[in-house]
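Participant:
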Amino acid sequence: MKAATQDTYGSPDTLRIVEVAAPEPGEREILVQIHASDVTQGDRRLRSGDFPGISWLPGRLMMGFFGPKHRPGTMFAGRVVAVGRGVTRFSVGDDVFGSVDHGAHAELVAMAEDGSVAAMPDGLSYREAAAIPYGAGTAIVFLRDLAKLQAGEHVLILGATGGVGRYAVQLAKALGAEVTAVCSAPNHALARSLGADHVIDYQREDYRASGRRYDVVFDTIGASRFERRVLTETGRYLSLIVTARLLVQMLITSRGRGRKAIAGVAFGSQALTEDVRELAQRGALRPVLDRTFPFAQLAEAHRHVETGRPAGSVIVELVPHAPTLVRASA
């Protein structure tokens, strides 16, 4: 089968597509033919060795100090083409989506049936389904599980039209919150279409200067810091980027019932993927696509994620299908 690989951290040009042996499913594993795979900011970081904040050393130790230990790609949608003899959750021919730790930029992937995989939501194409797990799963972990966002609360989302932000806006609305989206002016229409009640152009307005306070501030891009003046008395500040400063603030604010600084890691799981599926199934979450590249142009897809400022998910397609209808707003 064809699969992406790289020997060293670096630019998109370090990626190569090579022929490797096809995997075989174990007793409780499924073999998925991947039709589409999302190229996420997480994939970009793993490819370039860009582990932010204090995660640099742990990231290198886990993923490879001088170069990646594993083949790239984490998100996928495809069809089950073989199952181990102990598998009961899926059958050959099932359309599935989900995530793996590595190896999703390939024609086939073998994974545990109780891994981060679920049946594809009805009505979504492979491209759209592949675009959901990364951002939606992260938004669920941070807003629902860590911040415990409640109906009626006011949440501010920085990077609201990015890979996580797009789903954070939608999830916050699904949870009954009032949403203020911070993004560039060209993306205001997209933010509103996702459910934002208010939008702020970060290039023209500083949300901290308005005097407004928020129950939750969710920084998806590492553009802010924990500040009490923008939070209500029980406000929670969340960031995807873990710094030494934030860890100290987490320790200091962990006691009592006042304002909290919070960070964490969103790991994929069967339960989380099923939650994503349920929300997408009922229309609470919808993917937004920017561009689709053929698998042979994986390096170009990574380059577009890195420099093209995409206003939606960037997909590599391994099995060609008809164009999808969901597009990013201009």
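By this note's numbering, the letter at position 171 of the sequence shown is numbered 152, and the numbering carries on one by one without gaps. Just so you know, even glycine gets a beta-carbon here, dropped at the ideal spot from N, CA and C. Only a predicted model underlies this, so the values are computations on that prediction, with no experimental measurement involved.
By a C-beta neighbour count over all protein chains shown, 10 Å radius and 16 as the cutoff for buried, is D(-6) buried or exposed?
Facilitator: The residue labelled residue -6 in the question sits at position 13 within the sequence shown. Looking at its Cβ environment, which holds fewer than 16 other Cβ atoms inside 10 Å, D(-6) is exposed.
Participant: Can you tell me whether P167 is helix, strand or coil according to DSSP?
Facilitator: In the sequence shown, residue 167 corresponds to position 186, counting from 1. Here P167 sits in helix by DSSP.
Participant: Kindly indicate the opening and closing residues of the alpha helix (DSSP H) around G146.
Facilitator: Here residue 146 corresponds to residue number 165 of the sequence shown, with the count starting at 1. Taken as a continuous stretch (DSSP letters only), the alpha helix (DSSP H) holding G146 covers 146 to 155.
Participant: Could you spell out the range, first to last residue, of the alpha helix (DSSP H) harbouring S29?
Facilitator: As a first step, residue 29 must be located in the sequence shown, where it is residue number 48. Where S29 is concerned, the enclosing alpha helix (DSSP H) stretches over 22 to 29.
Participant: Would you mind giving the Cβ-Cβ distance between T215 and R238, rounded to the nearest angstrom? I have them listed as a contact below 8 Å.
Facilitator: Taking the first residue of the sequence shown as position 1, residue 215 is located at position 234. Taking the first residue of the sequence shown as position 1, residue 238 is located at position 257. With 8 Å as the limit, T215 and R238 qualify as a contact, their Cβ atoms being about 7 Å apart.
Participant: Quick one: residues in its chain with C-beta nearer than 8 Å to the C-beta of V77, no 5 flanking neighbours on either side, listed in chain order?
Facilitator: As a position in the sequence shown, residue 77 is number 96, starting the count at 1. Excluding residues within five positions, the ones whose Cβ falls inside 8 Å are I11, V13, A58, G59, R60, V61, F71, V98, A99, A100, M101.
Participant: Measuring only the C-alpha atoms, how far is M92 from H302?
Facilitator: As a working mapping, residue 92 is identified with position 111 in the sequence shown. As a working mapping, residue 302 is identified with position 321 in the sequence shown. Approximately 24 Å between the Cα atoms of the pair.
Participant: With three or more C-beta pairs closer than 8 Å as the rule, is the region 185 to 203 touching the region 125 to 142?
Facilitator: The region 125 to 142 is in contact with the region 185 to 203.
Participant: Run through the region 206 to 239 for me and flag every whole beta strand (DSSP E) of 3 or more residues, listed as ranges in chain order.
Facilitator: Correct list: 212 to 220.
Participant: Let me confirm a value: V73 is counted as buried when at least 16 other C-beta atoms fall within 10 Å, else exposed. Which label applies?
Facilitator: Your numbering for residue 73 matches position 92 in the sequence shown. With fewer than 16 Cβ atoms within 10 Å of its Cβ, V73 is classed as exposed.
Participant: Alpha carbon to alpha carbon, how far is Q184 from S165?
Facilitator: Here residue 184 is taken as the residue at index 203 of the sequence shown, counted from 1. Here residue 165 is taken as the residue at index 184 of the sequence shown, counted from 1. Spanning the two alpha carbons is a distance of roughly 7 Å.
Participant: What number of angstroms, rounded off, separates the C-alpha of H169 from the C-alpha of K50?
Facilitator: One-based indexing of the sequence shown puts residue 169 at position 188. One-based indexing of the sequence shown puts residue 50 at position 69. Approximately 40 Å, taken between the alpha carbons.
Participant: Mapping the DSSP letters down to three states, classify L127 as helix, strand or coil.
Facilitator: Looking up residue 127 in the sequence shown gives position 146. L127 falls in the helix class under three-state DSSP.
Participant: Please list, in chain order, all residues of the same chain as L152 whose beta carbon is under 6 Å from its beta carbon, the five residues on each side excluded.
Facilitator: Counted from its first residue, the sequence shown places residue 152 at position 171. These residues qualify, in order along the chain: A120, L124.
Participant: For V297 versus V286, is the C-beta spacing smaller than 7 Å?
Facilitator: Taking the sequence shown and counting its residues from 1, the one referred to as residue 297 is at position 316. Taking the sequence shown and counting its residues from 1, the one referred to as residue 286 is at position 305. No, the pair does not count as a contact, with Cβ atoms beyond the cut-off.
Participant: Label F248 either buried or exposed according to how many other C-beta atoms from any shown protein chain fall within 10 Å of its C-beta, with 16 as the threshold for buried.
Facilitator: Position 267 of the sequence shown, counting from 1, holds the residue named residue 248. That one is exposed.
Participant: Roughly how many whole angstroms lie between the Cα atoms of P53 and S18?
Facilitator: As a working mapping, residue 53 is identified with position 72 in the sequence shown. As a working mapping, residue 18 is identified with position 37 in the sequence shown. Roughly 11 Å separates the two Cα atoms.
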